[in-house]
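Below you'll find the structure, written out as structure tokens, and then a few comments.
In this note's numbering, the protein residues as written are 62 to 350.
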């Protein structure tokens with residue numbers, strides 16, 4: 062079993078005729094994902110390798126029965142693309158776009174509160190359930206079917222962790238990035254709740270970074286409610302307060318946002334924390350045996 066996506070997922074790609082959209086739509090198809098259509102305003106009626114293109118999400122949903130969207134729309138238009146997915150009734154929107162203005166994302170979150178639509182991202186690598194479905198930009202070949210969930214704020218670190226798990230013989234149930242921006246659609250706790258209910262996820266690796274308090278909230282949830290073993294890693298132990306580290310959301314601006322403080326919260330919650338990422342795969346064999 063997996064969370065969020067599986068073989069029943071019927072995926073739309075918003076921005077499918079653009080360079081990034083067309084490339085990754087083809088990569089998703091190559092990973093057995095059922096890409097049923099694409100959306101680019103003004104290019105309805107065209108096809109990409111036989112995949113029909115529509116002018117609007119509503120037209121695409123009505124003609125394909127889609128139940129998820131993958132968004133490669135430029136930042137000035139991405140917020141509208143997310144809200145269009147929700148307004149058309151899609152239960153899941155995954156936004157890869159980086160650099161959506163913060164005030165646009167506040168508008169998106171207010172809009173989603175009135176809709177039954179879960180947003181993953183923006184500024185994320187997407188979601189993959191190995192062997193079943195890929196809706197994102199991650200390299201599919203490093204993944205292996207299994208029972209370990211992976212959730213991260215960093216796409217690159219997600220790939221590194223997945224590679225180590227696979228090399229250690231530990232397959233994954235679902236892997237996803239929740240996004241590195243200050244304003245995102247789903248938190249660590251939102252995803253942990255799904256892993257907690259998934260009977261085929263036997264453990265979780267959680268990858269955090271500096272900035273915000275999402276890791277502390279996750280640690281508190283794990284301490285009080287999560288029933289499976291968790292490994293954790295927090296990037297940025299040497300980061301300087303006030304200086305942004307990579308992601309827009311990775312900046313220490315308040316107490317409790319340093320890597321050391323997040324690690325302390327994880328340890329207090331009983332999470333097995335790895336300080337050196339290169340050791341994660343080796344230690345995972347012990348934690349998840």
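C-beta atoms are modelled at their ideal positions from N, C-alpha and C, and glycine is treated no differently.
Residue 131 places its beta carbon 8 Å or farther from that of residue 216.
About 5 Å separates the beta carbons of residue 292 and residue 266, which is inside the 8 Å limit, making them a contact pair. Residue 292 is bridged by DSSP to 266 and 333. In the DSSP assignment, residue 179 falls outside any alpha helix (DSSP H) and within the unbroken beta strand (DSSP E) covering 179-181.
Of all alpha-carbon atoms in 229, 111, 318 and 253, the one lying nearest the alpha-carbon of residue 343 is that of 229.
The straight-line gap separating the alpha-carbon atoms of residue 256 and residue 278 is approximately 16 Å.
Within the same chain, 154, 172, 173, 176 and 178 come within 7 Å of residue 147 by CB-CB distance, once the 5 residues on both sides are set aside.
The Cβ-Cβ distance between residue 280 and residue 327 falls below 8 Å. Bounds of any alpha helix (DSSP H) do not take in residue 70, whose DSSP letter is neither H nor E.
For the set 350, 113, 95 and 151, the Cα lying nearest the Cα of residue 119 is the one of 151. Here the segment 156-170 makes no contact with the segment 108-117; the two share fewer than three CB pairs at distances below 8 Å. Following the DSSP letters along the chain, one finds residue 206 inside the beta strand (DSSP E) bounded by residues 206-213. Judged by DSSP secondary structure, residue 136 falls outside any beta strand (DSSP E) and instead within the alpha helix (DSSP H) spanning 136-148. DSSP places residue 349 outside both helix and strand once states are collapsed to three, so it counts as coil. When only Cα atoms are considered, residue 83 and residue 204 end up about 22 Å apart. By a beta-carbon distance limit of 8 Å, residue 253 contacts residue 282. Their separation comes to about 6 Å. The alpha-carbon separation between residue 263 and residue 208 amounts to approximately 5 Å. Counting along the chain, residue 115 sits inside the beta strand (DSSP E) bounded by residues 112-115. Counting only the Cα atoms, residue 329 lies some 32 Å from residue 199. For residue 190, the enclosing beta strand (DSSP E) starts and ends at 187-190. Closest option to residue 286, judged by alpha-carbon separation, among 247, 258 and 225: 258. Linking residue 212 to residue 268 through their CA atoms gives a straight-line distance of about 6 Å. Counting along the chain, residue 130 sits inside no alpha helix (DSSP H); it lies in the beta strand (DSSP E) bounded by residues 129-132. As a beta-bridge residue in DSSP terms, residue 98 pairs with 73. In this structure, the beta-carbon distance from residue 241 to residue 214 falls below 8 Å.
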